[in-house]
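To start, the structure under review is shown below, and the notes come after it.
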Amino acid sequence: MTDQLRAGLLGAGFMGSVHAHAIRAAGATITAVSASTPERSAQAASEVGARRAVASADDLIHADDVDVVHVCTPNALHARQALAALEAGKHVVCEKPLATTEAEARQLADAARDSSAITAVPFVYRFYPSVREARARIAAGEAGALRLIHGSYLQDWMAPAGAGNWRSDASLGGASRAFADIGIHWCDLIEFTTGHRIDRLTASTAATPSSDADGEDAAVLLFETDRGAAGSAVISQVSQGRKNRLWFSVDGETAAYSFNQEQPDTLWVGGESHNQVLHRGSASEGPDAARYSALPSGHPQGYQDCFNAFVRDTYAAIGNDAPDGLPTFDDGLRAAALTQAVLESADTKTWVEVPR
Ligand code: SOE
Numbered sequence: 012m013t014d015q016l017r018a019g020l021l022g023a024g025f026m027g028s029v030h031a032h033a034i035r036a037a038g039a040t041i042t043a044v045s046a047s048t049p050e051r052s053a054q055a056a057s058e059v060g061a062r063r064a065v066a067s068a069d070d071l072i073h074a075d076d077v078d079v080v081h082v083c084t085p086n087a088l089h090a091r092q093a094l095a096a097l098e099a100g101k102h103v104v105c106e107k108p109l110a111t112t113e114a115e116a117r118q119l120a121d122a123a124r125d126s127s128a129i130t131a132v133p134f135v136y137r138f139y140p141s142v143r144e145a146r147a148r149i150a151a152g153e154a155g156a157l158r159l160i161h162g163s164y165l166q167d168w169m170a171p172a173g174a175g176n177w178r179s180d181a182s183l184g185g186a187s188r189a190f191a192d193i194g195i196h197w198c199d200l201i202e203f204t205t206g207h208r209i210d211r212l213t214a215s216t217a218a219t220p221s222s223d224a225d226g227e228d229a230a231v232l233l234f235e236t237d238r239g240a241a242g243s244a245v246i247s248q249v250s251q252g253r254k255n256r257l258w259f260s261v262d263g264e265t266a267a268y269s270f271n272q273e274q275p276d277t278l279w280v281g282g283e284s285h286n287q288v289l290h291r292g293s294a295s296e297g298p299d300a301a302r303y304s305a306l307p308s309g310h311p312q313g314y315q316d317c318f319n320a321f322v323r324d325t326y327a328a329i330g331n332d333a334p335d336g337l338p339t340f341d342d343g344l345r346a347a348a349l350t351q352a353v354l355e356s357a358d359t360k361t362w363v364e365v366p367r
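Adding 11 to a residue's 1-based position in the sequence shown gives its number in this note's numbering.
What follows is the structure, encoded as structure tokens:
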């Protein structure tokens with residue numbers, strides 16, 4: 012199926028090019044691309060290997076030779092473009108955040124459920140073999156009840172505050188900056204890996220006082236899960252020297268797991284009698300991890316490999332071969348609900364229940 016799929020790419024920035032690599036790795040064709048201006052679209056067509064550049068997003072969405080639309084535009088455009096693509100009968104891969112408000116994300120999730128389309132949101136850290144290994148071990152009960160879930164997601168590329176990026180303009184990026192960009196990755200990963208849901212949270216956000224950038228630079232969360240674990244997370248895009256350090260520790264009664272996205276081929280497992288560092292591709296790897304292990308052990312796998320696996324699974328779902336753990340528009344809605352809860356809590360300085 013995937014070699015017959017025809018993809019259209021909306022947006023050709025960093026994420027557009029990551030999607031383009033993944034589309035080609037899945038054996039599909041990029042038939043059309045549309046970027047911010049006709050000139051940029053023409054340039055992007057040769058950069059991403061698209062058959063043609065199209066004049067507007069609407070032309071791409073309604074093109075007969077596009078089966079699946081990849082939305083990689085600034086956040087504020089996601090909801091409108093993803094909805095239009097669904098209404099045009101396309102499958103849709105929409106960058107996160109799915110929408111800049113919970114109401115719009117809900118509208119999209121409802122529209123996706125009412126359609127026969129496959130929809131996906133690239134919470135791609137789910138596709139690391141080490142993450143799948145931790146998830147399988149937790150599901151099998153190795154850790155017993157989980158008590159603590161903690162960690163951080165730190166970057167520095169928005170320091171000093173906002174650094175002139177479109178994400179610093181709320182009319183393009185949305186009201187939340189750091190949390191909506193990377194905090195939702197952390198929360199998605201934690202909920203996916205543990206099977207717990209963040210039920211209640213209290214959050215504090217930080218912004219550089221002298222800056223005129225919209226949104227928060229950082230957020231600090233305390234939370235409780237539906238299955239009795241307590242947690243905390245620090246989310247920041249202004250932590251100097253930290254490039255893309257998504258880290259978590261999940262501590263259970265009989266085992267603990269720790270993962271660092273900047274060294275993703277390993278998983279630390281703490282045990283009652285001894286601690287271990289598991290290496291991707293080694294004999295200790297279970298079948299869930301092995302499914303996402305694309306290269307032999309010792310040949311490091313990274314971010315683009317996760318994207319490739321995500322797009323491969325999305326296209327498999329389009330071909331009716333539904334894989335386990337594909338992040339859908341429902342997960343995009345979940346992220347929007349968490350974002351709203353974080354902003355509300357930071358504003359009211361209270362604990363907030365996260366709607367299901
Ligand atoms: C920039 O913060 C960014 O590219 C995010 O937008 C991605 O979702 C994340 O995976 C890496 O960092």
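Where a beta carbon is used, it is the ideal one built from N, C-alpha and C, also for glycine. Note that the structure is a prediction, hence the values are computed from the model and not measured.
Got a sec: does the ligand SOE put a non-hydrogen atom nearer than 7 Å to the Cβ of residue i?
{"i": "residue 196", "result": "yes"}
{"i": "residue 255", "result": "yes"}
{"i": "residue 25", "result": "yes"}
{"i": "residue 107", "result": "yes"}
{"i": "residue 312", "result": "no"}
{"i": "residue 192", "result": "yes"}
{"i": "residue 315", "result": "no"}
{"i": "residue 166", "result": "yes"}
Which first and last residues belong to the beta strand (DSSP E) in which residue i is found?
{"i": "residue 103", "result": "102-105"}
{"i": "residue 262", "result": "256-263"}
{"i": "residue 312", "result": "No beta strand (DSSP E) contains residue 312, which DSSP labels as neither H nor E."}
{"i": "residue 362", "result": "Residue 362 -> no beta strand (DSSP E), and no H or E assigned at all."}
{"i": "residue 246", "result": "241-247"}
{"i": "residue 279", "result": "277-282"}
{"i": "residue 368", "result": "Outside the displayed range of the chain (12 to 367) lies residue 368, so it cannot be described from this structure."}
{"i": "residue 79", "result": "79-82"}
Assign residue i to one of three DSSP states: helix, strand, or coil.
{"i": "residue 149", "result": "helix"}
{"i": "residue 91", "result": "helix"}
{"i": "residue 182", "result": "helix"}
{"i": "residue 211", "result": "strand"}
{"i": "residue 168", "result": "coil"}
{"i": "residue 27", "result": "helix"}
{"i": "residue 351", "result": "helix"}
{"i": "residue 19", "result": "strand"}
{"i": "residue 111", "result": "coil"}
{"i": "residue 47", "result": "coil"}
{"i": "residue 303", "result": "coil"}
{"i": "residue 367", "result": "coil"}
{"i": "residue 221", "result": "coil"}
{"i": "residue 329", "result": "helix"}
{"i": "residue 285", "result": "coil"}
{"i": "residue 64", "result": "strand"}
{"i": "residue 253", "result": "coil"}
{"i": "residue 188", "result": "coil"}
{"i": "residue 131", "result": "strand"}
{"i": "residue 293", "result": "coil"}
{"i": "residue 162", "result": "strand"}
{"i": "residue 157", "result": "strand"}
Taking 8 Å as the limit between beta carbons, can you name the residues of its chain near residue i, skipping five residues before and five after?
{"i": "residue 87", "result": "111, 182, 183, 184 and 185"}
{"i": "residue 42", "result": "17, 18, 19, 61, 62, 63, 74, 76 and 77"}
{"i": "residue 357", "result": "214, 215, 216, 227 and 230"}
{"i": "residue 197", "result": "162, 163, 164, 244, 246, 257 and 259"}
{"i": "residue 123", "result": "97, 103, 130, 339, 340 and 341"}
Near residue i, which residues of its chain fall below 6 Å by C-beta distance, leaving aside the five closest residues on each side in sequence?
{"i": "residue 238", "result": "207"}
{"i": "residue 55", "result": "23, 44 and 46"}
{"i": "residue 12", "result": "Residue confidence is low: residue 12 scores 49 on pLDDT, short of 50, so the model does not pin down where it sits. No coordinate-derived value is stated."}
{"i": "residue 25", "result": "none"}
{"i": "residue 256", "result": "165 and 273"}
Just to confirm my understanding: we take residue i, look at its own chain, exclude 5 residues before and 5 after, and list those with CB closer than 7 Å. What are they?
{"i": "residue 21", "result": "45, 68, 71, 80, 81, 82, 83, 84 and 92"}
Write down the C-beta distance between residue i and residue j rounded to the nearest angstrom, noting that I regard them as a contact closer than 8 Å.
{"i": "residue 113", "j": "residue 351", "result": "5 Å"}
{"i": "residue 324", "j": "residue 158", "result": "Actually they do not touch by this definition, with Cβ atoms about 31 Å apart."}
{"i": "residue 364", "j": "residue 211", "result": "5 Å"}
{"i": "residue 142", "j": "residue 321", "result": "In fact, because the Cβ distance is near 12 Å, the residues do not count as touching under 8 Å."}
{"i": "residue 334", "j": "residue 199", "result": "Not a contact, Cβ separation roughly 16 Å."}
{"i": "residue 153", "j": "residue 297", "result": "Actually they do not touch by this definition, with Cβ atoms about 11 Å apart."}
For the alpha helix (DSSP H) holding residue i, just list the boundary residues, first then last.
{"i": "residue 197", "result": "195-205"}
{"i": "residue 232", "result": "No alpha helix (DSSP H) contains residue 232, which is instead part of the beta strand (DSSP E) from 229-236."}
{"i": "residue 68", "result": "68-72"}
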